[in-house]
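Visitor:
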Amino acid sequence: MINQNYINNQWCDAVSKKRFDVINPFTEELIESVPQSGTEDVQKAVEASREAWKEWRFIAGGDMRDMLREVAVKSRKHSEELATIMTAEMGKPLIENTDEVEWIASCFEYYSELGRDQIGRVVAPTQDKQMSIVVYEPYGVVGCIVPWNYPLLLAAWKIAPAIAVGNTCVVKPSELSPLSILRWMETCFDHFPPGVVNVLTGYGQETGEPIVTSKGTNVIAFTGSVETGTRIATLAAEQLKKTHLELGGNDALIVCSDVDVEVAARGAFWAATLNCGQVCTSAERIYVEKPVAKDFIDAVVSQAEEVELGNPMGSTTDIGPMVSSEQRDKIESKIANAKDQGAKLMTGGNRPTQFTKGYFLEPTVLTNMDSSMEMMQKESFGPVVPIQTVSSFEEAIKLADESDYGLGCSLYTNDLEKAFTAAREVKAGSFWINDPLTDNEAAPFGGMRKSGGGRELGIEGLNEFREAKHILIDYKVRQKDYWFPYDLDKGRKT
Ligand code: NAD
Numbered sequence: 094m095i096n097q098n099y100i101n102n103q104w105c106d107a108v109s110k111k112r113f114d115v116i117n118p119f120t121e122e123l124i125e126s127v128p129q130s131g132t133e134d135v136q137k138a139v140e141a142s143r144e145a146w147k148e149w150r151f152i153a154g155g156d157m158r159d160m161l162r163e164v165a166v167k168s169r170k171h172s173e174e175l176a177t178i179m180t181a182e183m184g185k186p187l188i189e190n191t192d193e194v195e196w197i198a199s200c201f202e203y204y205s206e207l208g209r210d211q212i213g214r215v216v217a218p219t220q221d222k223q224m225s226i227v228v229y230e231p232y233g234v235v236g237c238i239v240p241w242n243y244p245l246l247l248a249a250w251k252i253a254p255a256i257a258v259g260n261t262c263v264v265k266p267s268e269l270s271p272l273s274i275l276r277w278m279e280t281c282f283d284h285f286p287p288g289v290v291n292v293l294t295g296y297g298q299e300t301g302e303p304i305v306t307s308k309g310t311n312v313i314a315f316t317g318s319v320e321t322g323t324r325i326a327t328l329a330a331e332q333l334k335k336t337h338l339e340l341g342g343n344d345a346l347i348v349c350s351d352v353d354v355e356v357a358a359r360g361a362f363w364a365a366t367l368n369c370g371q372v373c374t375s376a377e378r379i380y381v382e383k384p385v386a387k388d389f390i391d392a393v394v395s396q397a398e399e400v401e402l403g404n405p406m407g408s409t410t411d412i413g414p415m416v417s418s419e420q421r422d423k424i425e426s427k428i429a430n431a432k433d434q435g436a437k438l439m440t441g442g443n444r445p446t447q448f449t450k451g452y453f454l455e456p457t458v459l460t461n462m463d464s465s466m467e468m469m470q471k472e473s474f475g476p477v478v479p480i481q482t483v484s485s486f487e488e489a490i491k492l493a494d495e496s497d498y499g500l501g502c503s504l505y506t507n508d509l510e511k512a513f514t515a516a517r518e519v520k521a522g523s524f525w526i527n528d529p530l531t532d533n534e535a536a537p538f539g540g541m542r543k544s545g546g547g548r549e550l551g552i553e554g555l556n557e558f559r560e561a562k563h564i565l566i567d568y569k570v571r572q573k574d575y576w577f578p579y580d581l582d583k584g585r586k587t
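Letter by letter, the sequence shown follows residues 94 to 587 of my numbering.
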């Protein structure tokens, strides 16, 4: 398996020769070791990226389109292998990782066309014989720092739009999932000029921070936790460097009493436990209207008890292990804390006994929740379904909106008025009505409040990586009568 950094289309070790291990969360065994990159490696990658930018910034639209499309074609061709590596390194079921490869291919296809569609505009001049042209230009080198829960997708959402408009990239995957992206580079990016996309593996502080502080990076596009996002924003602010932050969430899901409870329960349970609950837009707080609360809770508990946990490579596995023992420890302590604060454990909460290895945790349903509890206020990022019964729809939207975060929010209802009232009142970058957690590469994705400020996907996701320049031209060379010498009595002619 490929296990080196990718700089200038070449494979290399870290200058220090240091490496770290990547562990399979299902077998708890070593898969491979990869370089622990440091400041010198970042410098090499940034220099390669800056050199490549000199030409890439002016690439013809048709050539860019062909190269991005080729990524899509090659990604589909290597789908099985890429999905298998992702499953091995981070434990998401193979079926979900196969979907992920399809989404990265669609993302590259979408930006291959959008990136060459409109690269500026012409505005009406203020004087005769002038032309005012606005061109959108790339920033330069984009540092892309990404998490482990969607190792290729979240990198693709940055790399595709960034290079489509003429930037080059230095990418740092999570230390927990660096292998799939290295193989992706090897199989799907070898047709790019050297230095356009570079990948460095390593831990956050040793590898990520030098990317943020390097004078050679112009934008930092980051997906990860609020804590790391705050650190990155602080470091970048010292250089007034642009950041594009996609951070954590604590998404609400509201169930109104007019819906088919069985469908809502299935949707809510999936939204809370997909990828073992390790999705930034997981349903983290469920508010259910009292008249249907009992039936809804019973249906969610049945789901939790029926769902198949197991080998993430298995074709019928619904939920695999968590990504690491540390993540599992964190969730276990959050569950214990919620119970201490009065939550009632309906099912789950334990490490399943049928597995001797793997960072498994049972899907856990908690009721008796109230909004003062820590679990309702902060992101959990695990297979937990905390349910709070509410006495009215108005109470539900008030609670859903009362959050430091604003990533996503879901609602189950057939009532148009309730649907649009909630969609307009709750601050969230995505609002799903009867269809939780569904994305569309042509529509923006991102957070409000502490969930971040940027947007990925859609035209908005492209605009994050380009800046406007106004080129003004007067095609008749002539003296302007508003130049010196001034004379107030004559006034201005133009
Ligand atoms: P994390 O913040 O710990 O790490 C994310 C990335 O940042 C990793 O590559 C890590 O090595 C790097 N990093 C860590 N410290 C750094 C530092 N000081 N400087 C530079 N880089 C540093 O997050 P995680 O545990 O990998 O991912 C889970 C979090 O990501 C959750 O909070 C989740 O909600 C969030 N997330 C958000 C989105 C979104 O689109 N909004 C999507 C997926 C995940």
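In this text, a Cβ means the ideal position worked out from N, Cα and C, and glycines have one as well.
Because the structure is a prediction, the values reported are computed rather than measured.
Taking 7 Å as the cut-off, does the CB of residue 242 come closer than this to any heavy atom belonging to ligand 1?
Guide: yes
Visitor: Figure out for me which residue from 283, 573, 393, 195 has the closest Cα to the Cα of residue 592.
Guide: Any question about residue 592 goes unanswered here, given that the chain covers just 94 to 587.
Visitor: If I follow the unbroken beta strand (DSSP E) through residue 372, where does it start and stop?
Guide: From DSSP, residue 372 is part of no beta strand (DSSP E); its letter is neither H nor E.
Visitor: Helix, strand or coil: how does DSSP classify residue 344 here?
Guide: The three-state reading of DSSP puts residue 344 in strand, counting E and B together.
Visitor: Under 7 Å from any heavy atom of ligand 1, does the C-beta of residue 325 make it?
Guide: yes
Visitor: Going by beta carbon distance, what residues of the same chain come within less than 7 Å of residue 319, once the five residues before and after it are set aside?
Guide: The answer, listed in chain order, is 340, 341, 543.
Visitor: Under 8 Å between the Cβ atoms of residue 119 and residue 476?
Guide: Taking 8 Å as the Cβ cut-off, residue 119 and residue 476 do not qualify as a contacting pair.
Visitor: Distance check for residue 575 and residue 583, CA to CA, integer angstroms please.
Guide: 11 Å
Visitor: From the DSSP output, read off the bridge partner residues of residue 335.
Guide: According to DSSP, which records beta bridges pairwise, residue 335 is partnered with 312.
Visitor: Near residue 148, which residues of its chain fall below 8 Å by C-beta distance, leaving aside the five closest residues on each side in sequence?
Guide: 286
Visitor: Check whether the Cβ of residue 306 lies closer than 7 Å to any heavy atom of ligand 1, and answer yes or no.
Guide: no
Visitor: I want to check one thing, is the minimum distance from the CB of residue 474 to the heavy atoms of ligand 1 below 7 Å?
Guide: yes
Visitor: Please check if any C-beta of chain B sits within less than 8 Å of the C-beta of residue 182.
Guide: Absent here is chain B; the protein component of the structure consists of one chain.
Visitor: Quick one, which of 571, 167, 537, 326 has its alpha-carbon nearest residue 306's?
Guide: Selected option, being the one with the closest Cα: 326.
Visitor: So what does DSSP say about residue 492, is it helix, strand or coil?
Guide: If DSSP states are grouped into helix, strand and coil, residue 492 belongs with the helices.
Visitor: My output table needs one value for residue 159: the three-state DSSP class, helix, strand or coil.
Guide: helix
Visitor: Use the C-beta contact count for residue 356: other C-beta atoms within 10 angstroms, 16 or more gives buried, fewer gives exposed.
Guide: Counting every other CB atom within 10 Å of its CB across the protein chains shown gives residue 356 a total below 16, marking it as exposed.
Visitor: So, is residue 426 buried or exposed, given that buried needs 16 or more other C-beta atoms within 10 angstroms?
Guide: exposed
Visitor: Is any heavy atom in ligand 1 found nearer than 7 Å to the beta carbon of residue 302?
Guide: yes
Visitor: Taking just the CA atoms, how far does residue 131 sit from residue 623?
Guide: One cannot answer for residue 623 here, as it falls past the ends of the chain, which runs 94 to 587.
Visitor: For the beta strand (DSSP E) holding residue 400, just list the boundary residues, first then last.
Guide: Per DSSP, residue 400 belongs to no beta strand (DSSP E) and is neither H nor E.
Visitor: Whose C-alpha, out of 346, 581, 144, is nearest the C-alpha of residue 488?
Guide: The shortest C-alpha separation from residue 488 is found at 346.
Visitor: State the start and end residues of the unbroken alpha helix (DSSP H) segment that holds residue 419.
Guide: Residues 418-433.
Visitor: Could you check the C-alpha separation between residue 337 and residue 313 for me, to the nearest Å?
Guide: 6 Å
Visitor: Given a cut-off of 8 Å, decide if residue 461 and residue 368 are closer than it, judged by their beta-carbon atoms.
Guide: The beta carbons of residue 368 and residue 461 sit no closer together than 8 Å.
Visitor: For ligand 1, I want to know if residue 239 counts as a neighbour, meaning its beta carbon is within less than 7 Å of at least one of the ligand's heavy atoms.
Guide: Residue 239: yes, Cβ under 7 Å from ligand 1.
Visitor: Tell me whether residue 411 sits in a helix, a strand or coil according to DSSP, three-state version.
Guide: coil
Visitor: Here's a check: name, in chain order, each residue in its chain whose Cβ is nearer than 7 Å to the Cβ of residue 376, leaving out the five neighbours to either side.
Guide: Setting aside the 5 residues that flank it on each side, residue 376 is surrounded in the same chain by 344, 346, 361, 364, 365, 503, 529, each with a C-beta closer than 7 Å to its C-beta; the list follows chain order.
Visitor: Is the closest heavy atom of ligand 1 to the C-beta of residue 298 under 7 Å?
Guide: yes
Visitor: Out of 577, 565, 579, 572, state which residue places its alpha-carbon closest to the alpha-carbon of residue 216.
Guide: 565
Visitor: Taking 7 Å as the cut-off, is the beta-carbon of residue 316 closer than that to any non-hydrogen atom of ligand 1?
Guide: Yes; taking the cut-off as 7 Å, the Cβ of residue 316 has a heavy atom of ligand 1 nearer than that.
Visitor: Would you identify the three-state DSSP class for residue 211, choosing helix, strand or coil?
Guide: It is coil, neither helix nor strand.
Visitor: Counting only the same chain and skipping the five closest in sequence on each side, list residues whose C-beta sits under 6 Å from that of residue 484.
Guide: 383
Visitor: May I ask which residues mark the beginning and end of the alpha helix (DSSP H) holding residue 556?
Guide: 551-556
Visitor: I need the DSSP call for residue 565, collapsed to helix, strand or coil.
Guide: strand
Visitor: Could you tell me whether any non-hydrogen atom of ligand 1 is closer than 7 Å to the CB of residue 321?
Guide: yes
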